[in-house]
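Numbering (my numbering), first residue to last: 124 to 181. Where is the CB? At the ideal position from N, CA and C, for every residue including glycine. Bear in mind that the values here come from a model prediction, so they are computed numbers and not experimental data. Comments concern the structure below.
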């Protein structure tokens, strides 16, 4: 019984880690898409940086 519980805990932990990785990948894809969109309107890097910072908060 103890072995089964440990395996279930590891499976849950693995899922949680996988979800975090997926969130980071989605966020990175969103940032890249936003940068490409803004870049089509302006080449000013300060404007691009401020818009991305405004949208994603870092």
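My guess is that residue i and residue j are in contact by the Cβ rule of under 8 Å, so how many angstroms apart are they, rounded?
i: residue 171; j: residue 158; result: 6 Å
Report the rounded CA-to-CA distance for residue i versus residue j, giving the unit in angstroms.
i: residue 177; j: residue 154; result: 11 Å
i: residue 174; j: residue 167; result: 11 Å
i: residue 152; j: residue 165; result: 20 Å
i: residue 142; j: residue 149; result: 10 Å
i: residue 138; j: residue 144; result: 10 Å
i: residue 125; j: residue 135; result: 15 Å
i: residue 163; j: residue 146; result: 26 Å
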